[in-house]
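Same order as they appear, the protein sequences are chains A and B.
Here the first sequence is numbered in the working numbering, starting from 1 and rising by one per residue.
Here the second sequence is numbered in the working numbering, starting from 1001 and rising by one per residue.
For every residue, glycine included, the Cβ atom is placed at its ideal position computed from N, Cα and C.
None of the values given here were measured: they were computed from a predicted structure.
What follows is a short report on a single structure.
Protein chains: 2
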Amino acid sequence: MSKLQSYEREAFETVERAPEAQAKGFATVRRAHESEMAEDYVELIAELIELRGEARPVEIAERLGVKSPTVTKNISRLKAAGLVRRERYRAIFLTDAGRELAEACRRRHRVVVAFLLSLGIDEETAERDAEGIEHHVSTTTLEAFEHALLQSQSGK
Amino acid sequence: MSKLQSYEREAFETVERAPEAQAKGFATVRRAHESEMAEDYVELIAELIELRGEARPVEIAERLGVKSPTVTKNISRLKAAGLVRRERYRAIFLTDAGRELAEACRRRHRVVVAFLLSLGIDEETAERDAEGIEHHVSTTTLEAFEHALLQSQSGK
DNA sequence: GCTAAAACTTAGACTCGTCTAACTTAGGTA
DNA sequence: TACCTAAGTTAGACGAGTCTAAGTTTTAGC
Ligand SMILES: [Mn+2]
Ligand SMILES: [Mn+2]
Ligand SMILES: [Mn+2]
Ligand SMILES: [Mn+2]
């Protein structure tokens, strides 16, 4: 019972972390945010291609909740990064690299959502929170989520 | 067994979400990122005050892994936001609003870390991932984490 | 096949968070 | 107490990601 509720204010005294370790943590977060745009776009593009056969800027903008010039600019960034293929005024498709990234992101997204649902969280909240959380989940943590998911399934 | 491993590629067909709901999810993520700087700073400042009696820009910079002009600029933003109090060339202190925000963030941070640890994740990874995840955890999800934590503790 | 509407792009602006270079202040030590 | 060094600030640049306004292209309906 000594560690019980150790995350609560009462039972907690501030432990001093190594400055470099802490800095590395923040750097990792900043790096995750740098890839976030690309990940969300290719994930969405892959879904639209699956559903519609192509991904149109107008629907990307609608589902991302941004204006179309934002999509135009970001798509050209993705193109420069070798993730999408496209000609002006036409639909957007993924390159091999883009498809690969999209598949990894979609799988990670589904694991995070499924894990949150397994905790009893409602679908809307699970999807909303997962949209941010997914970019900060390391391989280690993703595996822990999958493992916990299997446990919760076998335990009914 | 029908839903078993439903998060895996094989068993999954793309479900179409409502565009507005999806857009709201992305908007929530963008909003979280807007408050992230303030949250991380006040959290760190509170810890330094507890450990050292004051928070110095030099240590904030070191622990955040950024250069000191970045800290100067961001601290002045926090001051404009009414979260910190300070005079030029002196240490930084929190206002009541800053202290309140810091406490909420510290508690949330601790819950997320404790939850990840309870999944069997190592400390370094838990701290690293939590630094990003914490900003995307809704009240609902935070409560689910706490609940799961209690379960795992009672179950040994 | 024309034409109006929808989709898309371009141009340009803005905020945020980072940086480097150069300057100023504070404080410990000789 | 004077000075040197460490700490902090200022100035200015930059990239990312958003926007609005205005232009261009495509497309669908008549
Ligand atoms: Mn996302
Ligand atoms: Mn984030
Ligand atoms: Mn954080
Ligand atoms: Mn934190």
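Under the DSSP assignment, residue 1097 of chain B falls in the alpha helix (DSSP H) whose first and last residues are 1096-1118. Of the heavy atoms belonging to ligand 1, none sits nearer than 7 Å to the Cβ of residue 1109 of chain B. Proximity of residue 1133 of chain B to chain A, defined by a Cβ-Cβ separation below 8 Å, is satisfied.
In this structure, residue 138 of chain A sits near residue 1125 of chain B, with a CB-CB distance shorter than 8 Å. For residue 121 of chain A, the closest Cβ of chain B is nearer than 8 Å. Near ligand 2, meaning a beta-carbon closer than 7 Å to one of its heavy atoms, we find A:29, A:32, A:33, A:36, A:132, A:135, A:136, B:1029, B:1032, B:1033, B:1036, B:1132, B:1135 and B:1136. Taking the Cβ of residue 1043 of chain B as the reference point, at least one heavy atom of ligand 4 falls within a distance shorter than 7 Å. Distances from the alpha-carbon of residue 1118 of chain B to those of B:1104, B:1146, B:1089 and B:1099 put B:1146 closest. When beta bridges are read from the DSSP output, residue 1093 of chain B appears opposite B:1085. Distances between the C-beta of residue 1129 of chain B and the heavy atoms of ligand 3 are all 7 Å or more. Checking the 7 Å criterion, the Cβ of residue 1040 of chain B is within range of a heavy atom belonging to ligand 3. Here residue 1148 of chain B has 1115 and 1118 as same chain residues with Cβ atoms under 8 Å from its own Cβ, once five neighbours each way along the sequence are excluded.
Here residue 1098 of chain B is not near residue 144 of chain A, since their CB atoms are 8 Å or more apart. Nearest CB-CB separation between residue 1094 of chain B and chain A: not below the 8 Å threshold.
By the Cβ criterion, the region 1074-1091 of chain B is not in contact with the region 56-64 of chain A, since fewer than three pairs of Cβ atoms, one from each stretch, lie closer than 8 Å. Apart from sequence neighbours up to five positions away, the residues of its chain that approach residue 71 of chain A with a beta-carbon distance below 6 Å are 57, 60 and 61, ordered along the chain. According to the DSSP secondary-structure assignment, residue 1055 of chain B is paired through a beta bridge with B:1092. Here residue 46 of chain A carries a helix assignment [DSSP, helix/strand/coil]. Taking a C-beta cut-off of 9 Å against chain A, the contacting residues of the region 1026-1037 of chain B are 1026, 1027, 1028, 1029, 1030, 1032, 1033 and 1036, listed in chain order. Put simply, the backbone Cα of residue 64 of chain A is about 25 Å away from that of residue 1131 of chain B.
Those residues of the region 1062-1096 of chain B placed with their C-beta closer than 7 Å to a C-beta in chain A are 1062, 1063, 1064 and 1065, ordered along the chain. Against residue 1056 of chain B, chain A offers no close residue; the least beta-carbon distance is about 12 Å (beta-carbon pairs closer than 7 Å). For residue 1068 of chain B, the enclosing alpha helix (DSSP H) stretches over residues 1068-1080. For residue 1124 of chain B, the enclosing alpha helix (DSSP H) covers residues 1123-1133. Residue 1018 of chain B sits exposed, since fewer than 16 C-beta atoms from the chains shown fall within 10 Å of its C-beta. Residue 1144 of chain B: member of the alpha helix (DSSP H) spanning 1139-1154, first to last residue. Taking a beta-carbon distance threshold of 8 Å, residue 1104 of chain B does not count as an interface residue toward chain A.
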